[in-house]
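In this note's numbering, the protein residues as written are 3 to 671.
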């Protein structure tokens with residue numbers, strides 16, 4: 003019997019919920035559209051494709067001609083549609099009921115719009131936990147793809163990974179295809195003829211061997227250098243024609259291979275993701291230790307045999323690493339419980355839409371990819387969270403004040419809400435706001451990101467290089483470059499989370515952080531009061547909601563002389579763009595991305611056209627104001643870049659009286 007190999011080629015197209023439309027249009031122009039048009043010209047080349055639900059909706063509406071090509075390729079048996087969660091959630095971190103809902107909505111959408119109900123599913127970021135098996139199986143999914151790395155971690159050898167295996171959980175069964183890392187790193191970066199030759203080298207006699215590829219379609223046009231390489235220089239056409247000309251390689255859809263080939267046996271995979279993700283999810287210094295261990299193994303020529311046992315962290319560690327991610331996740335879980343606790347007749351499609359959008363994965367994590375550092379992606383999650391909460395309050399009103407340890411840190415947060423606004427206060431001694439929501443705008447003004455220590459910071463000031471292959475183009479996983487100039491000031495690490503109304507007392511050359519505790523008579527309608535020792539006296543901090551206004555008042559008693567400083571970190575959607583500006587009286591004082599210094603001010607307005615609203619901030623007595631933009635340094639496939647996270651307002655006033663009051667009012671208009 004002649005040697006042969008079945009090529010199972012799958013591509014995954016995804017854009018985060020809330021991404022800019024110009025990004026979607028550019029992605030379609032450079033990748034999605036050209037890929038579909040090239041593939042349409044070769045009916046004999048079979049492949050699988052997954053397009054996340056939110057992106058598919060956009061392409062169906064804006065690029066119907068290309069979707070007609072895909073529909074035709076499905077009809078003629080060339081293309082297989084692959085399912086997933088509709089908004090691309092990490093299934094392992096959302097409730098079981100929502101896993102089923104997300105999977106079924108995606109399958110329904112594919113069947114209704116493109117004419118095929120999927121048998122296979124893409125697993126977001128290849129995050130595997132056995133707990134996802136029941137939902138996948140119960141939603142009609144028969145198989146999924148994960149990395150070959152997952153199988154190596156279970157003790158399988160690389161020579162055994164040219165077919166699919168079967169796993170089970172809680173009585174449900176699922177078949178699993180191991181994606182080849184060797185192919186992931188070759189397509190489309192190596193010359194087409196080299197990839198074809200490599201595929202032919204995998205051929206065997208009998209046994210239905212398969213070369214299994216499933217990876218981001220964005221590698222075919224959006225990643226650096228790839229549009230010119232894949233389309234203008236013809237890599238994709240050369241690859242397709244080289245495969246079709248081969249007497250050894252046969253292209254198949256996953257569903258056809260699955261129907262004719264038998265399982266290679268039972269497998270139980272450990273909780274893991276792809277190998278790069280397992281590094282990204284580790285905190286410093288563990289990430290340094292892990293990277294050094296990996297490098298030492300490579301230097302010793304032992305990495306390939308050791309890598310299944312150098313596993314790093316798991317995806318859920320992102321909630322441990324980043325308090326902002328953890329808070330979003332726990333807010334989403336709480337609202338999911340509230341929604342599903344409603345009588346069925348009170349649940350609406352609008353509520354479920356908002357819940358699913360809040361579960362989109364991108365804003366919850368960070369690495370070479372991931373969108374935690376991108377304010378517009380976090381804003382999309384909070385937009386859905388605040389919208390859903392407002393809808394739920396409309397049918398099942400909450401109390402004006404609730405105490406709940408939402409983030410599982412051992413201390414209750416205080417939730418204050420009046421139907422228009424919500425303020426969430428921390429009881430960690432700061433009495434600061436970790437969330438400030440406006441339900442009319444569906445916006446959280448406290449959605450800022452602190453600058454944590456990151457493993458890649460030690461690479462930032464390394465000599466920029468691009469490690470290139472002898473032939474082909476560079477793989478972004480191997481790229482080190484600077485997209486923006488990074489200064490030492492940009493690299494300052496935040497020792498405390500960026501919150502609203504963080505206080506300091508400066509007296510006699512000392513800077514004192516008041517440590518607030520709930521006052522004995524703290525109960526106020528739509529408000530609460532804290533108390534702290536300050537010098538020889540005390541300060542009482544009251545937080546009250548009144549209609550669309552937030553009042554934060556400080557009552558000083560016998561504190562002596564000094565300067566009281568109040569820092570308010572604000573998430574303004576315009577960031578450093580032209581749509582955000584300060585107004586003082588009738589004058590435009592500058593943009594959010596500029597430094598602004600005012601003496602003896604009592605009123606300022608923050609106007610934001612992207613938000614569709616404004617904040618009016620007033621103080622009961624003159625204070626000095628310093629406003630500065632806060633940037634973070636993040637890593638992306640384009641290099642190290644600076645991203646504005648917050649408008650940092652620092653107010654200062656001199657205290658000389660024995661007893662007086664400093665009061666701030668923030669009105670949402």
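Cβ coordinates follow ideal geometry from the N, Cα and C atoms, glycine included.
Near residue i, which residues of its chain fall below 7 Å by C-beta distance, leaving aside the five closest residues on each side in sequence?
| i | result |
| --- | --- |
| residue 183 | 149, 150 and 151 |
| residue 174 | 135, 136, 139 and 140 |
| residue 465 | In this prediction, residue 465 has a pLDDT of 47, which is less than 50 and means its spatial position is unreliable; what the coordinates show is noted afterwards. Closer than 7 Å at the Cβ level, and outside the excluded window around residue 465, lies no residue. |
| residue 146 | 122, 123, 125, 138, 176 and 178 |
| residue 616 | 607, 608, 609, 610 and 671 |
| residue 84 | 12, 50, 51, 52, 120, 122, 123 and 124 |
| residue 33 | 219, 220, 222, 223 and 224 |
| residue 392 | 441 |
| residue 14 | 52, 124, 216, 217, 218 and 219 |
| residue 637 | 370 and 458 |
| residue 296 | 305 and 312 |
| residue 2 | Since the first and last residues shown for the chain are 3 and 671, residue 2 lies out of range. |
Report yes if the C-beta distance between residue i and residue j is below 9 Å; otherwise report no.
| i | j | result |
| --- | --- | --- |
| residue 542 | residue 449 | no |
| residue 576 | residue 610 | yes |
| residue 108 | residue 161 | no |
| residue 281 | residue 369 | yes |
| residue 216 | residue 434 | no |
| residue 367 | residue 283 | yes |
| residue 227 | residue 16 | no |
| residue 255 | residue 117 | no |
| residue 131 | residue 273 | yes |
| residue 532 | residue 547 | no |
| residue 10 | residue 143 | no |
| residue 198 | residue 47 | no |
| residue 495 | residue 206 | no |
The alpha helix (DSSP H) spanning residue i covers which residue range?
| i | result |
| --- | --- |
| residue 435 | That residue, residue 435, is in no alpha helix (DSSP H); its beta strand (DSSP E) goes 435-440. |
| residue 184 | 183-188 |
| residue 447 | From DSSP, residue 447 is part of no alpha helix (DSSP H); its letter is neither H nor E. |
| residue 40 | 35-42 |
| residue 333 | 325-343 |
| residue 355 | 351-360 |
| residue 671 | Taken as a continuous stretch (DSSP letters only), residue 671 belongs to no alpha helix (DSSP H), as it is neither H nor E. |
| residue 23 | 23-29 |
| residue 389 | 377-397 |
| residue 81 | First-last for residue 81: 81-83, but that is the beta strand (DSSP E), not the alpha helix (DSSP H). |
Put residue i into one of helix, strand or coil per three-state DSSP.
| i | result |
| --- | --- |
| residue 254 | coil |
| residue 172 | coil |
| residue 14 | strand |
| residue 524 | coil |
| residue 146 | strand |
| residue 469 | Interpretation of residue 469 is limited by its pLDDT of 44, a score under 50 that renders its predicted location unreliable; the figure taken from the coordinates is listed afterwards. If DSSP states are grouped into helix, strand and coil, residue 469 belongs with coil. |
| residue 99 | helix |
| residue 482 | Note that residue 482 scores 46 on pLDDT, short of 50, meaning its location in the model is unreliable and no value can be drawn from it. |
| residue 593 | strand |
| residue 519 | strand |
| residue 539 | strand |
| residue 317 | coil |
| residue 452 | coil |
| residue 403 | strand |
| residue 130 | strand |
| residue 238 | helix |
| residue 604 | strand |
| residue 266 | coil |
Keeping to the same chain, check which residues put their C-beta closer than 6 Å to that of residue i; ignore five residues upstream and five downstream.
| i | result |
| --- | --- |
| residue 386 | 356, 359 and 360 |
| residue 12 | 50 and 216 |
| residue 348 | 397 |
| residue 551 | 667 and 669 |
| residue 21 | none |
Specify, as a first and last residue, the run of the beta strand (DSSP E) that residue i falls within.
| i | result |
| --- | --- |
| residue 631 | 615-638 |
| residue 569 | 564-572 |
| residue 49 | 49-53 |
| residue 657 | 641-657 |
| residue 77 | Looking at the DSSP string, residue 77 is not in any beta strand (DSSP E); the run it does join, the alpha helix (DSSP H), is 66-77. |
Verify the CB distance criterion: does residue i have a CB-CB separation below 9 Å to chain C?
| i | result |
| --- | --- |
| residue 317 | The structure shown has no chain C; it contains just one protein chain. |
Once you ignore the five residues that flank residue i on each side, which residues in its own chain have a CB closer than 8 Å to its CB?
| i | result |
| --- | --- |
| residue 65 | 30, 34 and 35 |
contact_flag[the segment 323-343, the segment 302-311] where n(CB pairs < 8 Å) is 3 or more = no
Quick one: any contact between the segment 96-106 and the segment 61-79, if contact means 3 or more CB pairs under 8 Å?
-> No, the segment 96-106 does not touch the segment 61-79.
Determine, using beta-carbon pairs with one atom in the segment 246-261 and one in the segment 420-429, whether at least three such pairs fall under 8 Å.
-> no
How about the segment 314-326 and the segment 92-103: do they share at least three Cβ pairs that are nearer than 8 Å?
-> Short answer: they touch.
Any contact of the segment 643-659 with the segment 562-579, i.e. 3+ C-beta pairs under 8 Å?
-> yes
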